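Colleague: Its first residue numbered 298, the sequence shown is counted upward by one per residue in my numbering.
We put the beta carbon where it would ideally sit given N, CA and C, even for glycine.
As the structure is a computational prediction, the values presented were derived from the model and not from experiment.
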Amino acid sequence: MEVQTVSKFVLNNVLYLIGGLGVLVIVMYAIIIHLWMSLSYMKKQHKKIMTGATGDNLETMLVGHIEKVKAVEEENARIDHENKRIDTLLQQAITRVGVVRFCAFENMGSDLSYAVALLDAHDNGVILSSLFGREDSRSYVKPIENGHSSYTLTKEEEEALHKAIASASAD
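(1) Helix, strand or coil for Ala-412 per DSSP?
(2) Determine which residues share a DSSP beta bridge with Glu-442 and list them.
(3) Count the other C-beta atoms from every protein chain shown that fall within 10 angstroms of the C-beta of Gly-308, then say buried if there are 16 or more, exposed otherwise.
(4) Counting along the chain, where does the beta strand (DSSP E) carrying Leu-428 start and finish?
(5) What separation, rounded to the nearest whole angstrom, lies between the Cα atoms of Pro-440 and Asp-420?
(6) Would you mind giving the Cβ-Cβ distance between Ile-383 and Leu-416, rounded to the nearest angstrom? I have them listed as a contact below 8 angstroms.
(7) Spatial neighbours of Leu-314 within its chain, please: CB distance less than 7 angstroms, with the 5 preceding and 5 following residues excluded, ordered by chain position.
(8) If you check the beta carbons only, do Val-394 and Ala-412 fall under 8 angstroms apart?
(9) Taking all protein chains shown into account, decide if Ala-368 is buried (16 or more other Cβ within 10 angstroms of its Cβ) or exposed.
(10) Just to confirm, are Ala-401 and Leu-425 a CB contact at a threshold of 8 angstroms?
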C-alpha cells in the first residue's frame, strides 16, 4: 500500500517534481559554470607563475635567482673582508686628538704656544709642542706608547694627552 501511495503522489505532483528537478539542474549548471570560471582563473594564475615577464619558465627563473643570490653572497664576503682590512688600518690611524693652547711665558701676549696629542686606537702616537717666544719658536715631538711617554711631559702636554684619550670615550 505504501508503494501505491507513493505512486499516486508522484502522478499527482509530476509537474512539481519536474519543475523541482529543472531548478536543481539549473543550480547544478550554475555551480558548474562557477567552477569552470574558477578553474580558468586558476589556470591563468598558474601560467603567470610558471612563466616570467620574459617568458622564462619557473625553473629557469629560480636558477637565475639562485645564481644572483650566490653572487650577492660572494660580493658580501668580499665587502666583509675589505671592511675588516679597513678596520685594521683604522686601528693604526690617528683618530684621537687633544689640543691645548697656552701662554708659555708670562707677559708675552696671547696663547700662541700649543701642545697637540695625536693618538691611534691603542693610545700610540706623538705629542707635538710649540713654545712661542718674542725672538723665536721651539717645537718638540715626544713619542707616546700605550698612553705614556718615555719623556717627561709638561702639564700642558699631559692635558693634551688626557684630552686625546678622553676623546675615545666620546666616540
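Modeller: Let me lay it out:
(1) If DSSP states are grouped into helix, strand and coil, Ala-412 belongs with the strands.
(2) Answer is His-445.
(3) In the sequence as displayed, the identity of residue 308 is Leu instead of Gly. Only exposed fits Leu-308, as fewer than 16 other CB atoms lie within 10 angstroms of its CB.
(4) In the DSSP assignment, Leu-428 falls within the unbroken beta strand (DSSP E) covering 422-429.
(5) 11 angstroms
(6) That pair is no contact at about 19 angstroms.
(7) Val-307
(8) no
(9) exposed
(10) Cβ distance not < 8 angstroms, so Ala-401 and Leu-425 don't count as in contact.
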